[in-house]
Amino acid sequence: FETRVKIGETLERLKKFDGALDAYQKILKIKRLRIYEAEIRLKQAHIYQLKDQTETAEEIYSDIGKKYPRSEYSAAAFYRLGLIEQKSRKNLEKSKELFEKAVREDRSSDEGKLALQRQKDLVALERYQTQIEKVEDPQKALGPLFDLAELYLFNLGEPDSALSIYQRVLTLTDTTDLSPRVRYAIGLIYADSLKNETAAREHFQLLLDQHPNTPYAVEARTRLNQKHADDALAETRFLQAENLIAEGTPTRDILPIYQQIADEYPNSLFAPKALFALAWTYENNLDQREQAKTVYEQVQERYPLTQYGKIATDKLKGKFLDPPPEPADTTQTQPSDTQPDTTRTDPADAPPDTTATPPDISKLRTQKTPPPKPAFKPNVIIGGGIMEAVDADEEPQVIEEIEPEYPEEARAEGKPAMVFLRLLILKNGSVGEVHVISGPELFHSAAVEAAKQYTFEPGIHEDAPRDMWTDIAIHFEPPE
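Under the working numbering, think of the first position of the sequence shown as 344, with each following residue one higher.
Okay, structure coming up:
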C-alpha cells in the first residue's frame with residue numbers, strides 16, 4: 344500500500360495528475376486495500392482541485408462526509424469544503440458553517456484543529472472589517488487595515504486579498520514613514536506568493552528610489568541582488584566617529600565626520616543618523632542652539648520619513664531650541680556668590696562674618712562649573728541623540744495622568760488590561776512619541792491616545808532638562 348501511495352504522490356509532484364488519479368484508482372480496486380478507501384479518495388479529490396475540477400472534488404468530499412461520520416476523514420472533507428467556500432467563492436458564512444462541522448466531526452484530528460483555527464481567524468476578520476467601517480478618519484483605519492492584510496496573508500492564505508488591502512493602505516500612507524513598509528510587503532507578495540517577478544522588482548525599485556534611507560531599502564537591494572557601496576563606506580566612517588568618541592577626541596573634531604557622511608553618502612542608511620548626530624552635538628555638547636536648529640531643519644527636510652526626521656520635527660515644534668532669555672542686570676548688586684544663602688534650613692549655618700575676608704569668587708564659580716558634556720554616543724542613545732531616562736540624573740515625573748477610555752469593542756469581555764508603552768518625553772514635559780511595547784491589541788489605540796495627553800516634569804541630566812525615553816504602563820478597568 345505504501346509503495347503504491349508513493350507512486351501516486353510522486354506523479355502528483357511531477358504534475359502528472361491523470362497518472363496520479365490512475366495510480367490511486369488501482370489501489371481502490373484491490374479488495375484488501377479497501378480499508379484505506381477514505382484516505383485515497385481524499386487524495387483523489389485534492390488532485391481534482393489541482394486540475395480546477397472543483398465540483399468533482401466537492402462531490403467526493405461530500406460523499407466522504409456522509410460515509411465516514413465522526414472520523415478524521417469526515418473532518419478533513421468538511422475542512423476542505425470550507426476552504427473552497429472561503430477562497431474560491433468568498434462565502435464566509437458558508438465556510439464558517441463547514442469549519443464548524445469539521446470541528447464537530449473530529450476536533451482532535453489535524454484538520455479538525457486547522458478548522459478550529461479558521462473559525463477564530465474568520466471572527467477576527469469580521470472584527471477588523473467592522474472596525475474599518477466604523478472609522479470616519481481614514482488615517483485611524485490604518486491599524487485595522489494592517490491587521491486585516493496580515494490576517495489574509497499569513498493566516499487565511501489569500502495573497503490577492505492581502506495585496507488589495509496593502510494597496511489601499513499605500514494610498515493612505517504614501518507620505519508617511521509607513522510607506523516603505525507597505526511597499527516592501529507588496530513586493531514580497533508579488534515575489535513569494537504570486538510569483539510575479541516583474542511586478543516584484545518594480546515595487547522593490549520604487550522602494551529604493553523613494554525611500555533609500557530605510558531598513559526596508561536594504562532588504563529590497565538584497566532582493567534585487569544589488570550592492571550599495573555607500574552604505575558600507577558610510578558605516579565605516581560612522582564607526583570611526585564612534586571610536587574617536589571612545590578615545591576622548593574633542594567634540595569639534597568629530598563634527599566634520601558627521602558632515603562628510605551626510606554630504607558624500609546622502610542615500611545611505613547612515614546619512615540621516617549622522618546628520619541628526621551633528622545637530623544633537625551642537626545642541627547638547629556645544630550649546631549652539633541656532634546651529635542645532637539649522638541642522639535639525641536639514642534632517643526634517645531631507646529625511647522626513649525616517650525616525651530621525653520625525654524626532655527632528657518634534658524638536659522644531661517645541662521652543663526648547665530657542666535662545667535662552669537674557670540674564671538680569673546684576674551690575675548694581677553684590678555678586679550672588681557672596682550673598683547669604685537664605686534657602687538653607689540647617690541650624691548649624693550661622694550668619695556670615697561681615698568683617699572676615701570675602702571668599703574667592705572666581706574659585707567658587709570654578710567649583711560650580713559643570714563637568715564637560717560627553718560627546719554623542721550612538722551606541723547608548725536611542726533614536727539618535729535621545730537618552731534613556733534610567734541613565735539620567737533625574738527621571739521624568741508624571742504631573743498629569745489621563746485615565747484611558749475603555750475600548751467599546753472590548754466591553755463584551757469586560758476584563759482588566761494593561762498596555763506597556765515607550766514614550767519620548769521632551770524638554771518641555773510633553774510627549775513627543777509613543778510606541779506600543781506589549782499588551783492586548785484591542786487596547787493599543789486607547790493607550791496611545793491617553794499617553795499623548797500626559798504631562799511630565801521633564802528629566803534632568805547635568806543640571807539641564809533633556810529629551811528622554813521612558814517606559815510606562817497604562818491600566819484599563821472595565822466600566823461598571
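We put the beta carbon where it would ideally sit given N, CA and C, even for glycine.
| message | Residues in the same chain with beta-carbon distance under 7 Å from residue 741, minus the five sequence neighbours each way, listed in chain order, please. | response | As a first step, residue 741 must be located in the sequence shown, where it is residue number 398. Within the same chain, residue 741 has close Cβ partners 797 and 799.
- Is it true that the region 803–821 meets the region 755–764, where meeting means three or more beta-carbon pairs spaced less than 8 Å apart? In this structure the region 803–821 touches the region 755–764; the number of beta carbon pairs closer than 8 Å is three or more.
### Task
Could you spell out where the alpha helix (DSSP H) holding residue 552 opens and where it closes?
If you number the sequence shown from 1, residue 552 lands on position 209. Per DSSP, residue 552 belongs to the alpha helix (DSSP H) from 540–553.
Would the beta-carbon of residue 824 fall within 8 Å of that of residue 653? It is not possible to answer for residue 824, since the shown part of the chain is limited to 344 through 823.
Checklist entry - Should residue 575 be labelled buried (16 or more other beta-carbon atoms within 10 Å of its own) or exposed? => result Residue numbering aside, residue 575 sits at position 232 when the sequence shown is read from its first letter. Exposed: under 16 other Cβ atoms inside 10 Å.
Does the separation of the CB atoms of residue 523 and residue 473 fall below 8 Å?
-> To locate residue 523, count along the sequence shown from 1; it is residue 180. To locate residue 473, count along the sequence shown from 1; it is residue 130. Not in contact: residue 523 and residue 473 (Cβ atoms no closer than 8 Å).
| task | Would you tell me roughly how many angstroms separate the C-alpha atoms of residue 443 and residue 430, rounded to the nearest one? | result | Start at 1 with the first residue of the sequence shown, and residue 443 comes out as number 100. Start at 1 with the first residue of the sequence shown, and residue 430 comes out as number 87. In this structure, the CA atom of residue 443 is about 17 Å from the CA atom of residue 430.
Residue 551 classed as buried or exposed, judged by whether at least 16 other C-beta atoms fall within 10 angstroms | Against the sequence shown, residue 551 aligns to sequence position 208. Here residue 551 is buried, its C-beta having at least 16 other C-beta atoms within 10 Å.
Checklist entry - Over what stretch of residues does the beta strand (DSSP E) that includes residue 798 continue unbroken? => result Numbered from 1 along the sequence shown, position 455 holds the residue referred to as residue 798. 798–800 is the extent of the beta strand (DSSP E) around residue 798.
Check your understanding: Grouping DSSP H, G and I as helix and E and B as strand, with all else coil, what is residue 804?
Key -> Within the sequence shown, numbered from 1, the residue matching residue 804 stands at position 461. Correct three-state label for residue 804: strand.
**Message:** By alpha-carbon positions, which one of 477, 357 and 732 ends up nearest to residue 801?
**Reply:** If you number the sequence shown from 1, residue 801 lands on position 458. Restricting attention to 477, 357 and 732, the CA atom closest to the CA of residue 801 is found in 732.
Sheet register partners of residue 776 (DSSP bridge): Taking the first residue of the sequence shown as position 1, residue 776 is located at position 433. Beta-bridge pairing links residue 776 to 767.
* Host beta strand (DSSP E) of residue 360 (start-end) -> For the purposes of this step, residue 360 is taken as residue 17 along the sequence shown, with counting starting at 1. Counting along the chain, residue 360 falls outside any beta strand (DSSP E), though it belongs to the alpha helix (DSSP H) covering 360–371.
Practice item. Identify which residue in 512, 372 and 425 has its Cα closest to the Cα of residue 475. Key: Position 132 of the sequence shown holds residue 475. Its Cα nearest to that of residue 475, the residue 512 stands out among 512, 372 and 425.
Residue 741: first and last residue of the uninterrupted beta strand (DSSP E) it sits in: Sequence index remark: in the sequence shown, residue 741 carries index 398 (1-based). Where residue 741 is concerned, the enclosing beta strand (DSSP E) stretches over 740–743.
- Cα separation between residue 616 and residue 651? Residue mapping note: residue 616 aligns to position 273 of the sequence shown, counting from 1. Residue mapping note: residue 651 aligns to position 308 of the sequence shown, counting from 1. Cα to Cα, the separation comes out at about 7 Å.
- Message: What does the alpha-carbon distance come out to for the pair residue 591 and residue 514?
- Response: Within the sequence shown, numbered from 1, the residue matching residue 591 stands at position 248. Within the sequence shown, numbered from 1, the residue matching residue 514 stands at position 171. Pairing residue 591 with residue 514, the inter-Cα distance amounts to about 48 Å.
**Asked** Since residue 390 contacts residue 415 with CB under 8 Å, what's their CB separation in whole angstroms?
**Response** Taking the sequence shown and counting its residues from 1, the one referred to as residue 390 is at position 47. Taking the sequence shown and counting its residues from 1, the one referred to as residue 415 is at position 72. So it is not a contact: roughly 20 Å between Cβ atoms.
Checklist entry - Under the three-state reduction of DSSP, which class applies to residue 344: helix, strand or coil? => result Position 1 of the sequence shown, counting from 1, holds the residue named residue 344. Reduced to three states, the DSSP call for residue 344 is coil.
For residue 340, which residues of its own chain have a beta-carbon under 6 Å away from its beta-carbon, when the five flanking residues on both sides are left out? Because the chain in this structure spans residues 344 to 823, residue 340 falls outside the shown range and cannot be described.
### Task
Check whether the region 415–429 touches the region 392–407, taking contact to mean three or more Cβ pairs, one atom from each stretch, closer than 8 Å.
Judged by pairs of C-beta atoms under 8 Å, the region 415–429 touches the region 392–407, as three or more such pairs exist.
I need the DSSP call for residue 731, collapsed to helix, strand or coil.
On the sequence shown, residue 731 is found 388 positions in, with the first residue counted as 1. Three-state DSSP puts residue 731 in a strand.
Taking its Cβ as the centre, do 16 or more other Cβ atoms sit within 10 Å of residue 375, making it buried, or is it exposed? Here residue 375 refers to the residue found at position 32 of the sequence shown. With fewer than 16 Cβ atoms within 10 Å of its Cβ, residue 375 is classed as exposed.
ask   = If you run the structure through DSSP and keep just helix, strand and coil, what is residue 516?
value = Counting from one through the sequence shown, the residue named residue 516 turns up at place 173. Of the three classes helix, strand and coil, the one that applies to residue 516 here is helix, per DSSP.
*Residues near residue 360 by beta carbon distance below 8 Å, same chain, minus five either side*: Locating residue 360 in the sequence shown gives position 17, counting from the first residue. Excluding its 5 nearest sequence neighbours in each direction, residue 360 has C-beta neighbours in its own chain below 8 Å: 354, 390, 393 and 394, listed in chain order.
If you measure between the beta carbons of residue 412 and residue 454, is that distance less than 8 Å? As a working mapping, residue 412 is identified with position 69 in the sequence shown. As a working mapping, residue 454 is identified with position 111 in the sequence shown. Contact flag unset, no.
*Quick one, are the C-beta atoms of residue 635 and residue 622 less than 8 Å apart?*
Here residue 635 corresponds to residue number 292 of the sequence shown, with the count starting at 1. Here residue 622 corresponds to residue number 279 of the sequence shown, with the count starting at 1. The beta carbons of residue 635 and residue 622 sit closer together than 8 Å.
(Q) Would you call the region 461–473 in contact with the region 488–498, where contact means no fewer than 3 C-beta pairs closer than 8 Å? (A) The region 461–473, when compared against the region 488–498, does touch it at the 8 Å Cβ threshold.
| message | Taking the alpha-carbon of residue 506 as reference, which of 358, 530, 487 and 380 has the nearest alpha-carbon? | response | Taking the first residue of the sequence shown as 1, we reach residue 506 at position 163. Out of 358, 530, 487 and 380, 530 has the C-alpha closest to the C-alpha of residue 506.
key: Where residue 755 falls: helix, strand or coil (DSSP)   = The residue labelled residue 755 in the question sits at position 412 within the sequence shown. Residue state, collapsed to three classes: coil.
Is residue 527 closer than 8 Å to residue 559 when the C-beta atoms are compared?
Here residue 559 is taken as the residue at index 216 of the sequence shown, counted from 1. Here residue 527 is taken as the residue at index 184 of the sequence shown, counted from 1. Residue 559 is a Cβ neighbour of residue 527, given a cutoff of 8 Å.
* Alpha carbon of residue 814 to alpha carbon of residue 434, nearest angstrom -> In the sequence shown, counting from the first residue as 1, residue 814 sits at position 471. In the sequence shown, counting from the first residue as 1, residue 434 sits at position 91. The alpha-carbon separation between residue 814 and residue 434 amounts to approximately 44 Å.
Exercise for the section: Determine the contact status of residue 736 and residue 805, defining contact as a CB-CB distance below 8 Å. Expected result: Position 393 of the sequence shown, counted from the start, is the residue given in the question as residue 736. Position 462 of the sequence shown, counted from the start, is the residue given in the question as residue 805. The Cβ-Cβ distance between residue 736 and residue 805 falls below 8 Å.
- prompt: Helix or strand or just coil, what does DSSP make of residue 637?
  reply: In the sequence shown, residue 637 corresponds to position 294, counting from 1. In the structure shown, the three-state DSSP call for residue 637 is helix.
task = Output yes if chain B places a C-beta closer than 8 Å to the C-beta of residue 562; else output no.
result = The structure shown contains no chain B; it holds only a single protein chain.
Hey, how far is the Cα of residue 441 from the Cα of residue 417? Looking up residue 441 in the sequence shown gives position 98. Looking up residue 417 in the sequence shown gives position 74. Going from the Cα of residue 441 to the Cα of residue 417 covers about 11 Å.
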